[in-house]
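Student:
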Amino acid sequence: PAGGATAAGAPAPGDRILFGHVGSLTGLSATFGLSSDKGIQLAIEELNAKGGVKGKLLAVKTYDDQGKPDEAAITATRLVVQDRVAVLLGEVASTRSLAMAPIADANKVSMITPSSTNVKVTKDGDKTRPYVFRVCFIDPFQGTVMAKFARGELKLARVAVLRDVGNDYSVGLADAFLAKYKELGGAIVDDQSYREGDQDFKAQLTAIKARNPEAIYVPGYYTDVALIARQARELGMKQPLLGGDGWDSEKLYEIGGKALQGSYFSNHYSAEDPAPRIQEFVKRYKERFGAVPDSLAAQAYDAAKIAADAIGRAKDFSGPAIRDAIAATRDYPGVTGVITIDQDHNAVKPAVVLKVEGNAARYVTTIQPDTAP
Ligand code: PHE
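Note that our numbering has the sequence shown beginning at 3, numbered continuously upward.
1. Please name the residue, chosen from Val340, Gly187, His270, that lies closest to isoleucine 369 on a Cα-to-Cα basis.
2. Could you tell me the boundaries of the beta strand (DSSP E) in which serine 195 lies?
3. Let me know if glutamine 345 comes out buried or exposed under the rule of 16 or more other beta-carbons within 10 Å of its beta-carbon.
4. Buried or exposed for arginine 153, please, with buried defined as at least 16 other CB atoms from any protein chain shown within 10 angstroms of its CB.
5. Between glycine 339 and ligand 1, is there a pair consisting of the residue's CB and a ligand heavy atom that are separated by less than 6 Å?
6. Runs of 3 residues minimum, wholly inside the region 35-107: which ones carry the beta strand (DSSP E) assignment?
7. Is it true that the CB of alanine 305 sits closer than 7 Å to the CB of glutamine 144?
8. Closer than 6 Å by C-beta to alanine 1: which residues in its own chain qualify, once you throw out the five before and the five after it? Chain order, please.
9. Buried or exposed, going by whether 16 or more other CB atoms sit within 10 Å of the CB of proline 215?
10. Could you give the first and the last residue of the continuous alpha helix (DSSP H) run that contains proline 142?
11. By DSSP, does asparagine 377 sit in helix, in strand, or in coil?
12. Out of Pro71, Ala327, Ala273, which has the shortest C-alpha to C-alpha gap to valine 337?
13. First and last residue of the alpha helix (DSSP H) that includes aspartate 226?
14. Per DSSP, which one or two residues make a beta bridge with glutamate 359?
15. Quick one: using the 10 Å Cβ neighbour count with 16 as the cut-off for buried, is glutamate 93 buried or exposed?
16. Would you be able to state if there are at least three C-beta pairs under 8 Å between the region 161-180 and the region 216-231?
17. Grab the span of the beta strand (DSSP E) containing tyrosine 334 for me, first residue to last.
18. Measure the alpha-carbon distance for alanine 312 versus alanine 88 and round it to whole angstroms.
19. Taking three-plus beta-carbon pairs below 8 Å as touching, is the region 56-68 in contact with the region 18-27?
20. For the 8 Å Cβ check, are there 3 or more pairs between the region 223-240 and the region 252-263?
21. Could you tell me the boundaries of the beta strand (DSSP E) in which valine 161 lies?
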């Protein structure tokens with residue numbers, strides 16, 4: 003722009019490197035944003051204790067999008083244009099990351115979503131979005147993981163699906179699960195829908211009950227899933243529920259009570275994993291925040307560390323240079339696994355399957371990407 007002002011997309015000059023975080027700190031998926039923010043903070047504190055990056059300390063500015071896609075877009079724009087952040091971190095929910103992605107591209111500021119798994123987040127049609135990256139796996143893999151587990155391990159022949167039709171993540175994951183489960187010879191006996199925030203799921207559950215499935219696949223977020231589980235039990239349904247990473251919240255157990263006992267979901271990591279890199283992270287996080295880090299916290303920690311690592315390798319602080327450095331990330335030793343950014347700007351990583359027992363999700367198994375095509 004005229005007058006020598008710093009363009010959007012070029013970080014503000016100064017002594018610190020600013021990350022912008024867009025997250026749901028309030029609303030029906032508030033634990034997603036709150037956990038992510040803690041993960042980012044821990045990463046930044048650790049990096050700063052070692053002198054920061056290229057002689058500059060790191061900081062984060064976080065905005066609450068209240069779980070709304072339009073707020074995610076507004077706050078992402080504010081971070082880029084007003085705060086002139088070097089990198090955008092977030093969102094967790096795919097629908098909100100999809101609202102941010104065009105802003106990252108248009109302003110040439112890289113965005114790393116820690117946990118959005120919908121394919122379209124990093125791909126617009128068949129074109130990879132130049133400035134959008136993720137450090138997690140994608141839903142065609144995650145859906146396959148649970149389909150294989152349901153069919154191969156649990157030996158289930160009949161499963162019903164209950165999806166959130168207003169949520170790109172839920173729809174994409176339901177489709178991926180269903181396709182793989184059928185391919186493996188299972189029957190999808192019903193496919194019902196709801197919208198986030200619905201309070202009464204009895205009509206859908208009654209319809210599902212009549213089809214007598216052995217399990218119900220509910221790839222939604224924790225608040226809805228917990229209510230669905232409670233109402234299923236009220237209707238006398240005893241089937242386990244199956245789900246994905248969107249279940250990962252301490253609130254799942256708080257809201258769901260005993261209704262989810264024996265249910266399974268796929269996730270990015272397990273805090274019970276004995277691997278030293280995970281146990282050391284869990285310990286540091288507990289010391290700092292007094293809580294066990296969920297996968298959102300771990301993924302956001304990795305996203306912030308990868309952003310910093312890329313800035314350290316970038317030839318300068320410009321948007322394109324940082325972008326190129328993120329795209330060149332290879333074999334980064336993250337807490338959640340070894341992270342290589344592939345040509346579609348995704349990370350190829352294993353998934354874990356967890357079982358709800360008591361007020362926790364117990365580790366069951368790890369599924370590698372190459373064994374689940
Ligand atoms: N994968 C979910 C999405 O894309 C978000 C999520 C990730 C939720 C991890 C919880 C845990 O919408």
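Heads up, the beta-carbon is just placed ideally off N, CA and C, and yes, glycines get one too.
Since this is a predicted model, take the numbers as computed values, not measurements.
Tutor: Result, derived from the coordinates:
1. Locating residue 369 in the sequence shown gives position 367, where the first residue counts as 1. Among Val340, Gly187, His270, the Cα nearest to that of isoleucine 369 is on His270.
2. Within the sequence shown, the letter at position 193 stands for residue 195. It spans 189-196 - the beta strand (DSSP E) in which serine 195 sits, taken as one unbroken run.
3. Residue numbering aside, residue 345 sits at position 343 when the sequence shown is read from its first letter. It is exposed - the Cβ of glutamine 345 has fewer than 16 other Cβ atoms within 10 Å.
4. Here residue 153 corresponds to residue number 151 of the sequence shown, with the count starting at 1. Buried, because 16 or more other Cβ atoms sit within 10 Å of the Cβ of arginine 153.
5. For the purposes of this step, residue 339 is taken as residue 337 along the sequence shown, with counting starting at 1. Incorrect: glycine 339 has no Cβ contact closer than 6 Å to ligand 1.
6. 59-66, 89-92, all fully within the region 35-107.
7. The residue labelled residue 144 in the question sits at position 142 within the sequence shown. The residue labelled residue 305 in the question sits at position 303 within the sequence shown. No, they are not a contact pair.
8. For the chain, the structure presents residues 3 to 375; residue 1 sits outside this window and is missing.
9. By one-based count along the sequence shown, residue 215 stands at place 213. Answer is buried; the Cβ neighbour count reaches 16.
10. Position 140 of the sequence shown, counted from the start, is the residue given in the question as residue 142. For proline 142, the enclosing alpha helix (DSSP H) covers residues 141-150.
11. Within the shown structure, residues of the chain are numbered from 3 to 375, placing residue 377 beyond reach of any answer.
12. Along the sequence shown, one-based indexing puts residue 337 at 335. Considering only Pro71, Ala327, Ala273, the residue with the shortest C-alpha distance to valine 337 is Ala273.
13. Taking the first residue of the sequence shown as position 1, residue 226 is located at position 224. It spans 224-236 - the alpha helix (DSSP H) in which aspartate 226 sits, taken as one unbroken run.
14. For the purposes of this step, residue 359 is taken as residue 357 along the sequence shown, with counting starting at 1. In the DSSP assignment, glutamate 359 is bridged to Ala362.
15. For the purposes of this step, residue 93 is taken as the residue at position 91 of the sequence shown. In summary, glutamate 93 is buried, with 16 or more beta-carbon neighbours lying within 10 Å of its beta-carbon over all protein chains present.
16. Verdict: yes, contact present.
17. What you label residue 334 is simply residue 332 of the sequence shown in a count that begins at 1. Element bounds for tyrosine 334: 334-336.
18. Taking the sequence shown and counting its residues from 1, the one referred to as residue 312 is at position 310. Taking the sequence shown and counting its residues from 1, the one referred to as residue 88 is at position 86. C-alpha separation (whole angstroms): 11 Å.
19. They touch, by the three-pair rule.
20. Contact between the region 223-240 and the region 252-263 is present: three or more C-beta pairs spanning the two stretches fall below 8 Å.
21. If you number the sequence shown from 1, residue 161 lands on position 159. Looking at the DSSP string, the run of the beta strand (DSSP E) that includes valine 161 is 160-166.
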